[in-house]
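Engineer: Next up is a structure, given as C-alpha cells.
There are 2 protein chains.
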Amino acid sequence: MRVLIMEDDKTVATFMARGLKEAGHVCDLAHDGEEGLEMGRDGSYDVLVVDRMMPRRDGLSVIETLRSDGDKTPILILSALGEVDDRVDGLKSGADDYLVKPYAFAELLARVEVLARRRDPGAVQTKLSVGDLEMDLLARTVKRDGEEIVLQPREFRLLEFLMRHSGQVVTRTMLLEKVWDYHFDPQTNVIDVHISRLRAKIDKPFGLSMLHTVRGAGYRLQA
Amino acid sequence: MRVLIMEDDKTVATFMARGLKEAGHVCDLAHDGEEGLEMGRDGSYDVLVVDRMMPRRDGLSVIETLRSDGDKTPILILSALGEVDDRVDGLKSGADDYLVKPYAFAELLARVEVLARRRDPGAVQTKLSVGDLEMDLLARTVKRDGEEIVLQPREFRLLEFLMRHSGQVVTRTMLLEKVWDYHFDPQTNVIDVHISRLRAKIDKPFGLSMLHTVRGAGYRLQA
DNA sequence: CAGCTACATTACCAAGTGATGACAGTTCCG
DNA sequence: CGGAACTGTCATCACTTGGTAATGTAGCTG
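In the order they appear, the protein sequences are chains A and B. Residue numbers for the first sequence follow the numbering used here, beginning at 1 and rising by one. Residue numbers for the second sequence follow the numbering used here, beginning at 1001 and rising by one.
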C-alpha cells in the first residue's frame, strides 16, 4: 500500500515511515504543506497522513484544497490539540479520521490500514518474500525454492512475523506479544519449541539455514 | 534511553524491564511510591513510567510532587481504571500520557519512545559507528571495514557501551555498573578478560587498534 | 634497574541457554 | 462420541558462555 506522510518533524516522520515500511507499505515523506499538496495531487497514494501544523501551509488547508479538487483519497489527520472543536474542524475540512498526539504507533498503523481497506480492499500487501522463501498471506501458503511447505497456524504466524522483520533480531518478548498475544512471561519454552518445529520445515530440508539464533537476544531470519 | 519504572507488581515490572532492555533502553525499577520518588528526583531519566496504585505513596502523588519540584521529565501513567475521569486525573496531576491496563507491551514501548522523542529527538538510535567500526542495534550485528564480526552477548554490550562513549575514557566502575549491572567490585579481572576478548575480535585482525588502555583510568575507544 | 603495580592472555569449568523428542490436553471436526 | 490435528509442557541433552584463577608482560617509580 502507498502512504504519503506530511509531517514537518523529520524525526517523527522517519519513525512513522520506518514503521509503515516494516508493516509492508510503501511510504513517501513531505516535510511541509506545499510539498505535501504537490505530492498528494498526483493521486497515487492509498492514504494520506497529514500533520495539522506544518510550515508554509497548514494541514487543514492542504486537505481542503485536495478535496475541492475532487480528490477522495482517505486522509488521517494528526494533531497535538486534543479539544473536541479541533477534532470537528479536522473532519469538517475533509479528513476521514483524526489522531491526537501522542499516540502509539500501533494505533496509527491500525487506523491507516482501516482507512485504506475501506476504500480499496486488497491493496494491503499479500505476499512476503525473504531470499528464496515466499509467503502468500491470502492463500496462506509458504514456498521455499518453489516447493510448497505446509505450516500450522501458529507456525504461520511465527514465520510471518519473522519475515516482516527479516534481517532484524526479533526478541522473545516481541514474539510473545505479536505471535502469542501473551503480555507476560509464560515461563516456559513455547517459543523454542515452535522455532524448532519451524526450522524442521523451512530450513532442515534445504540445507542452507535462514533462521538463526542470536544467543541472549532472540532470533533473526536472514537469507 | 533511560527509563524508570515504578510498579509494585514485580512480575509485571520485570517483564516491562526486560522488554525495554531488549529494545535497547536502560531500565531501572522502583517497587513503591517512596522509592520511585527518590529515584525519580535525581532527574537522570528520559521517561518515567508510573503505576497509579502503589504502596507507601500512590502514583498521582508521586507525579504531583515531582512536578511541583519543577521536574519536566515526560511521564506515562499506568492504571487499571479506564474511566474518563481517571484519565483526566492522571493528566491533571502532570502526567503526559496515560495507558490503561491491560495493554500490549508494544504499545507501552511505542508510547515511551514517542514521549522521549518529543522531548529529545534522536535519543533512540539504531546504529552506532566509530571510525570504520559499525554496530546495528536492530540486527545485532557488528562490522569493521564491512566485514562482519560475531560477538557474544556480553561482548556486544561492552562494545555498545564503549561506542556510545567513544573518544572518552570509560572507567572500570562505569563498565561494572552499566555492562555488568554490578554495583560493587567483584574483585576479579572480569573486565580485563572481556576487553582482551573484544580486542581479539575487533582489533587484532585489522592491525590498527581502536581500543586503547588508559593506565590507571580505564579504556578508550577511538578511531 | 629492581620491585611493584596494573594490565593481558590463556585455559578451565560451572551454570546457563537453547534444541529436541515425547507426551498430554484441547479443539475441531464428522 | 471418536479421532485427528494442533499446540503447549516437560525432561533431557548438548553446547555456549562468561567468570575465575594462574601465569605472563609492560610500564611506572624511587
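The beta-carbon is built from N, C-alpha and C at its ideal position, and this holds for glycine as well.
1) So with Cβ pairs under 8 Å, would you call arginine 215 (chain A) a contact of chain B?
2) Under 8 Å: do the region 1155–1167 of chain B and the region 181–191 of chain A share three or more Cβ pairs, one atom per stretch?
3) Quick one: what's methionine 135 (chain A) bridged to in DSSP?
4) The beta strand (DSSP E) spanning methionine 1016 (chain B) covers which residue range?
5) Taking a contact to mean a Cβ-Cβ separation below 8 Å, would you say methionine 16 (chain A) touches aspartate 32 (chain A) in this structure?
6) Which two residues bound the contiguous alpha helix (DSSP H) that contains histidine 1194 (chain B)?
7) Give the range of the alpha helix (DSSP H) segment to which methionine 1006 (chain B) is assigned.
8) Could you tell me whether the region 171–187 of chain A touches the region 209–223 of chain A, using the rule of 3 or more Cβ pairs below 8 Å?
9) Leucine 1066 (chain B) and glycine 1090 (chain B): beta carbons closer than 8 Å?
10) Below 8 Å on the Cβ atoms is my guess for leucine 1115 (chain B) versus aspartate 1096 (chain B); work out the distance and round it to an integer in Å.
11) Give the DSSP bridge partners of threonine 171 (chain A), in chain order.
12) Near aspartate 71 (chain A), which residues of its chain fall below 8 Å by C-beta distance, leaving aside the five closest residues on each side in sequence?
13) Take leucine 1060 (chain B) and list the residues in its own chain whose beta-carbon comes closer than 6 Å to its own, dropping the five residues that flank it on each side.
14) Alpha carbon to alpha carbon, what distance is there between glycine 19 (chain A) and valine 47 (chain A)?
15) Pick helix, strand or coil for valine 1112 (chain B), following the three-state DSSP scheme.
16) In chain B, what lies closer than 8 Å to arginine 220 (chain A) by C-beta?
17) Using the Cα positions of isoleucine 1149 (chain B) and arginine 215 (chain A), report the straight-line distance between them to the nearest angstrom.
18) Which residues, in order along the region 151–167 of chain A, keep a beta-carbon less than 9 Å from a beta-carbon of chain B?
Structural biologist: Considering the structure as presented:
1) yes
2) no
3) A:Leu128, A:Val142
4) Not the beta strand (DSSP E): methionine 1016 (chain B) falls in the alpha helix (DSSP H), residues 1010–1022.
5) no
6) 1190–1202
7) From DSSP, methionine 1006 (chain B) is part of no alpha helix (DSSP H) but of the beta strand (DSSP E) over 1002–1006.
8) yes
9) no
10) 6 Å
11) A:Gly218
12) Gly40, Arg41, Gly43
13) Ser1093
14) 15 Å
15) helix
16) Ala1139, Arg1140
17) 15 Å
18) His165, Gly167
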